[in-house]
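Numbering (my numbering), first residue to last: 365 to 1099.
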């Protein structure tokens, strides 16, 4: 297959076509019945991973950027990604930023929301407030003054009144007569004081009235000024919504939930910046956004405000920052680390001193080493800066009396704007973008997008390789279990055969002993030869029946014992097989696909149950001790016939001896033929049992064969996916 890297659609469709062909090779089922099931399971497993891979390729096709070099700002929540981007938008005069700033100025001008206007309103309110306070003081003083004068005048009037009453009480008749025609000096003084009191009251009322009118006027002016100030402040949020810095977070972990794109240019080179949600936010809210942004990006700035290496996860399997970086940025071809140093007061952090200290330099070297360890050749290095001071110095588009406006005023009280931007490291950062990232950007775009396709294939290959290795290891362990179980069954069968031979030998000896003991007892009673013959036959028949029952019981006992032992061995193997399968299934699916299911049951035990039943039933069919006894009776008749020829010549003691001899020979002959019959029966019957045992061994081998077939199919498919990845690497000349 030849991939056309100049046509993105052709690239993705070409890779998908190759994957379709790979899956199609497993569609035709094998003629081997035992291989059909694992082949179908391998097909289902690969189809699932193929679907996952296709989903990744479709996402790449949808999100990948092929025209504009795109840089993603990625990192922890609160690291300052948005502050850096906002500063770049301002300094590089990004189109939407210029539009926002124009809207800010228009709104500010229309409503007079300037710092000067706000300061004027504050000063006027303060002036009126002070004037009102002064007037209130004057009112209080005037009121107090006239109150004092009024009191003094009232006191004098009281004194004159009391004096006149006393004079009137003590006056002579003549004096009273004279008072009818002229006022006394005291009466004239009393009248003058009453006129003075009325004058005081009139003047007080006039002055206080004037002051009160002035107070009402000032209160009205102050209320009007305060209303204007309130209206100003009510407009401020609208102005602040148009201010620079709106994209900068407020400390909440999920402030940025969607990726924002900004198109910029530097020295005539166009590029795009992506403001990615913080990786410490709620995973379900931002995971998809992060993935989409990184699929579109051709380079990534990992932003951190700590000079130390990122933290690893905890023991509860929560992913730490380091694990998230490796997971998210593994497919990125170019990754830089930006150390955004926290600086609140530039006066103490930047004046007459370097941006980063020696201790911070040492920590950044450690951070650089850790990032190289995780990302390899994709990691390009660390760049330090402090974005907040540069942002505060780069713009004056802040609503009056806001935090940014106050911070900007404070920062610029110590530095010139250009000087502060230079000291912040942002100018050098812009040069880094221009000289290092945008150099050969079109080739980087193709290389980055091809690498992401290759990375998707490689991740699938890693998944399948882990699954394949796990199943191959499972095959090895299952094989060990199978061989051990077979060995135990064969050993058990050998022990069963020996126990069977031993128990039959004991029972035959017992048969021989019982018959001889009883016939000897009869012989000792001096029975005739005919009676001897009859008794011997009778005893042989009786004890043969007993022997037959005893042999059946012994046989059944040994068969049952062997069956149970075999069943336990098989059960242990089944349990161990399931345990191993569960273990390797869990290992294979731990970080990949939790729905992965590997089924290696031994026919759920049904066929083995039947086979185990055949061990017992089949053995009892060929084990028939009654058939041996016919041979034994024939031998007894012959032995007694030979004795009859000489019985008349024998004495009683001789007769007894001959009867004992005949009994011994007869039983020796019978037991010999019984043993021969047993051997022949075992020779004929045990191979039938061995066939059944072979069936059990085949069943024990089934999980191993099934797992081996599955592993072979997965490894074969994985090899082809790796080959496809290699083709993409060769096509894109990825090094």
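Glycine is no exception: its CB is placed at the ideal position from the N, C-alpha and C atoms.
query, result
"At a Cβ threshold of 7 Å, is residue 915 touching chain D?", "No chain D appears in this structure, which consists of one protein chain only."
"Mind reading off the beta-carbon distance from residue 842 to residue 941? Whole number of angstroms is fine, and I expect it under 8 Å.", "6 Å"
"Within the same chain, show all residues whose beta-carbon is closer than 8 Å to that of residue 600, passing over the 5 residues directly before and after it, in chain order.", "477, 763, 764, 765, 766"
"Helix, strand or coil: how does DSSP classify residue 957 here?", "Any answer about residue 957 is weak, because its pLDDT of 42 lies below 50 and its placement is not dependable; what the coordinates show is given next. Coil, per DSSP."
"Tell me the DSSP secondary structure of residue 606 in three-state form.", "coil"
"On a Cα-Cα basis, can you pick out the residue from 463, 1061, 1043, 1080 that is closest to residue 851?", "1061"
"In terms of DSSP beta bridges, what is residue 352 paired with?", "The requested residue 352 is not part of the displayed model; the chain covers only 365 to 1099."
"Using beta-carbon positions only, say whether residue 1092 and residue 746 come within less than 7 Å of one another.", "no"
"Here's a check: name, in chain order, each residue in its chain whose Cβ is nearer than 6 Å to the Cβ of residue 936, leaving out the five neighbours to either side.", "none"
"Bridge partners of residue 637, per DSSP?", "435, 626"
"Rounded to a whole number of angstroms, what is the C-alpha to C-alpha distance between residue 750 and residue 791?", "11 Å"
"Does the distance from the C-beta atom of residue 434 to that of residue 631 stay below 7 Å?", "no"
"Looking only at its chain, what residues have a beta carbon closer than 7 Å to the beta carbon of residue 1094, apart from the 5 residues adjacent to it on each side?", "none"
"Just the Cα atoms here: how many angstroms apart are residue 570 and residue 480?", "41 Å"
"Please state the DSSP three-state secondary structure of residue 430.", "coil"
"Where do the ends of the alpha helix (DSSP H) carrying residue 706 lie?", "It is not in any alpha helix (DSSP H) - residue 706 carries neither H nor E in the DSSP assignment."
"Nearest-angstrom Cα distance between residue 1100 and residue 447?", "Coverage of the chain is limited to positions 365 through 1099, which leaves residue 1100 absent and any answer about it impossible."
"Mapping the DSSP letters down to three states, classify residue 675 as helix, strand or coil.", "coil"
"For residue 724, collect the residues of the same chain with a Cβ closer than 6 Å to its Cβ; drop the 5 residues on either side in sequence, then sort them by chain order.", "671"
"Can you tell me where the alpha helix (DSSP H) with residue 753 in it begins and where it stops?", "751–758"
"Should residue 700 be labelled buried (16 or more other beta-carbon atoms within 10 Å of its own) or exposed?", "buried"
"Drop a sphere of 10 angstroms on the beta-carbon of residue 487, count the other beta-carbons inside from all chains shown, and report buried for 16 or more, exposed for fewer.", "exposed"
"With a cut-off of 8 Å, do at least 3 Cβ pairs link the stretch 815–833 to the stretch 1060–1080?", "yes"
"Reducing DSSP to helix, strand and coil, say where residue 458 ends up.", "coil"
"Using a Cβ-Cβ cut-off of 8 Å (strictly less than) and excluding sequence neighbours within five positions of residue 636, which residues of its own chain qualify?", "429, 432, 433, 434, 435, 625, 626, 627, 628"
"Identify whether residue 837 lies in helix, strand or coil by the three-state DSSP scheme.", "helix"
"Reducing DSSP to helix, strand and coil, say where residue 545 ends up.", "coil"
"Quick check: the Cα distance between residue 502 and residue 575, rounded to an integer number of angstroms?", "8 Å"
"Would you call residue 414 buried or exposed, if buried means 16 or more other Cβ atoms sit within 10 Å of its Cβ?", "buried"
"Should residue 780 go down as buried or exposed, given a rule of 16 or more other Cβ atoms within 10 Å for buried?", "exposed"
"Which residue marks the beginning of the alpha helix (DSSP H) containing residue 780, and which one marks its end?", "It is not in any alpha helix (DSSP H) - residue 780 carries neither H nor E in the DSSP assignment."
"Identify, in the order they occur along the chain, each residue of the same chain with its Cβ nearer than 7 Å to the Cβ of residue 604, setting aside the five sequence neighbours on each side.", "763, 766"
"Can the beta-carbon of residue 754 be found less than 7 Å from the beta-carbon of residue 441?", "no"
"Classify residue 1021: buried if its beta carbon has 16 or more other beta carbons within 10 angstroms, exposed otherwise.", "exposed"
"Select from 776, 709, 490, 697 the residue whose C-alpha is nearest the C-alpha of residue 743.", "697"
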